[in-house]
Structure formats: C-alpha cells, structure tokens
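To start, the structure itself, in structure tokens.
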Amino acid sequence: SQELEQSPQSLIVQEGKNLTINCTSSKTLYGLYWYKQKYGEGLIFLMMLQKGGEEKSHEKITAKLDEKKQQSSLHITASQPSHAGIYLCGADYTGNQFYFGTGTSLTVIP
Amino acid sequence: EAQVTQNPRYLITVTGKKLTVTCSQNMNHEYMSWYRQDPGLGLRQIYYSMNVEVTDKGDVPEGYKVSRKEKRNFPLILESPSPNQTSLYFCASSFTTGTGYTFGSGTRLTVV
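Chains E and Z, in that order, are what the protein sequence lines are.
So in the working numbering, spot 82 of the first sequence is number 85, and the numbers just go up one at a time.
So in the working numbering, spot 70 of the second sequence is number 85, and the numbers just go up one at a time.
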C-alpha cells in the first residue's frame with residue numbers, strides 16, 4: 004500500500020510558468036516534508052510543514068499543509084530550468100519509519 | 016561540512032559475492048536509515064536505526080543486513096547479492112525522526 008500519493012506523476016512546463024504538485028496522505032498527517040532530487044543523485048531537503056494551514060516558502064517554491072484534507076501542495080512560481088528534477092513528499096507516521104510519496108518528475112523547457 | 020558520505024558511488028558485482036556499502040555521517044545524528052529507489056516503486060525503506068545498537072526492519076529488509084556499532088556509521092551488508100537487488104541505494108540521517116533527513120549521494124549497485 005502507498006501511504007503518500009503524489010500527483011501528477013510527471014509534469015512538463017515552459018520556463019516561466021507556474022505549477023503545483025500535490026501530495027495526499029491515506030493517514031492522518033502530523034508533519035509533511037518536501038524533498039527535491041536531481042536525477043540519479045541524493046535528495047535535498049526543501050521544507051517541513053507541521054501545522055494545519057502552515058505555509059512556507061523557499062525562493063520561488065511555496066508549500067502548504069491542509070490537515071483536514073490530509074494533503075500538501077507545492078507551488079513553483081515562474082519556473083526555471085534549475086527547478087527540474089523529482090519532487091518527493093515524505094511523512095513520519097509511526098515515529099520510527101519515514102515514508103516517501105511516489106514522486107513527481109518535473110521538466111522545465113527553456 | 017555537514018554531510019552523509021556513502022561509498023562506493025558505483026558498484027558492479029556478481030551474484031553471491033558479499034558486499035558492504037558504507038555510510039557515515041558527521042552531524043552526531045541519532046537516526047539513520049537505508050533506502051532503495053527503483054523506477055515505478057519510489058523510495059522504500061530497508062532498515063533504520065534509532066541509535067547505537069538499535070536497528071529495525073523497514074519495508075523491504077529481505078537480503079540485507081545492517082549494523083550500528085558507532086553513532087556515525089551505518090553500513091549496509093548484502094551477504095549474497097542477487098540481480099533483484101540491482102538498485103540505487105541511499106543512506107540518510109536525521110537528529111531524530113520528525114526532523115528533516117540529510118541524504119547521501121547514493122550508491123548505484125548492479126548485480127549480474
């Protein structure tokens with residue numbers, strides 16, 4: 004079973020366009036993490052959201068947590084080629100194991 | 016520089032030949048974990064460790080062993096590798112669960 008589902012699976016956008024990636028949990032969310040992975044490389048921690056309604060920004064990337072919907076969204080404004088990669092959400096449900104979402108592959112066309 | 020170091024980055028081996036992938040972190044993190052990443056299956060946890068001498072199975076532990084004799088090191092051992100263990104492996108650490116992970120650069124393992 005997959006605890007965290009991301010959508011879309013892949014995304015191709017023109018440079019300068021805005022985009023949104025969603026992460027939906029099948030269980031109650033107590034905290035949600037977003038990571039970015041360059042193809043074949045390690046994951047880079049972007050941000051962590053812990054409270055319902057919380058919103059955080061890092062450069063042109065904004066993430067929100069909707070506890071009621073058990074969902075988080077990652078929004079990129081004015082996308083650039085440097086934003087390309089795989090975006091993964093992650094959550095810690097049990098205090099011991101950390102689960103990752105299915106991932107969203109982003110391609111930005113110059 | 017705070018980091019998680021994995022070695023080797025690339026490894027090609029034959030079925031049945033024991034191998035170890037090393038992982039070391041310099042951040043005094045208590046929590047360490049191993050993941051494998053496969054196309055279409057995403058990242059799956061193999062083993063994790065809450066502290067020294069404390070290890071536990073993740074979702075896909077079969078065919079792997081780990082040890083945590085020191086806080087900084089968390090090696091992944093494949094006693095008898097098989098082709099279905101061909102994958103991209105990541106080691107990660109964090110201060111505790113519930114804080115962001117720091118990931119290693121990955122080890123691409125091919126078992127022929």
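C-beta atoms are modelled at their ideal positions from N, C-alpha and C, and glycine is treated no differently.
Listed along chain Z, the residues sitting closer than 8 angstroms to THR105 (chain E) by beta-carbon distance are GLY57. Note that the segment 56–63 of chain Z does not touch the segment 17–36 of chain Z; fewer than 3 beta-carbon pairs, one per stretch, sit closer than 8 angstroms.
Listed in chain order, the positions of the segment 44–74 of chain E with a beta carbon within less than 7 angstroms of a beta carbon of chain Z are GLU44, GLY45, LEU46, PHE48, MET51.
For the C-beta of GLN40 (chain Z), not a single chain E residue is nearer than 8 angstroms; the gap to the nearest is close to 13 angstroms.
The contact set of LEU91 (chain E) on chain Z, defined by CB atoms closer than 9 angstroms, consists of GLY57, LEU58 in chain order.
In the structure shown, GLN18 (chain Z) falls within a coil segment according to DSSP collapsed to helix, strand and coil. Counted as a single uninterrupted DSSP element, the stretch harbouring HIS86 (chain E) is not any beta strand (DSSP E), since DSSP gives it neither H nor E. Assigned with DSSP and collapsed to three states, GLN74 (chain E) falls in strand. Taking the beta carbon of SER48 (chain Z) as reference, the chain E residues within 8 angstroms of it are PHE101, listed in sequence order.
Of all residues in the segment 23–38 of chain E, the ones placed with a Cβ closer than 7 angstroms to any Cβ belonging to chain Z are GLY34, TYR36, in chain order.
According to DSSP, GLN53 (chain E) shares a beta bridge with no other residue.
Collapsing the DSSP output to three states places GLN60 (chain Z) in a strand.
Distances from the CA of PHE118 (chain Z) to each of E:GLU18, E:LEU22, E:LYS41 were compared; the closest alpha carbon is that of E:LYS41. Boundaries of the beta strand (DSSP E) harbouring THR28 (chain Z): 25–28, taken from the DSSP string. Around the beta-carbon of ARG24 (chain Z), fewer than 16 other beta-carbon atoms lie within 10 Å, marking it exposed. When DSSP reads this structure, VAL67 (chain Z) sits in no beta bridge, so it has no partner.
Pairwise C-beta distances place the segment 79–93 of chain E in contact with the segment 13–20 of chain E, as three or more of them are shorter than 8 angstroms.
Not one beta carbon of chain E lies nearer than 9 angstroms to the beta carbon of TYR79 (chain Z).
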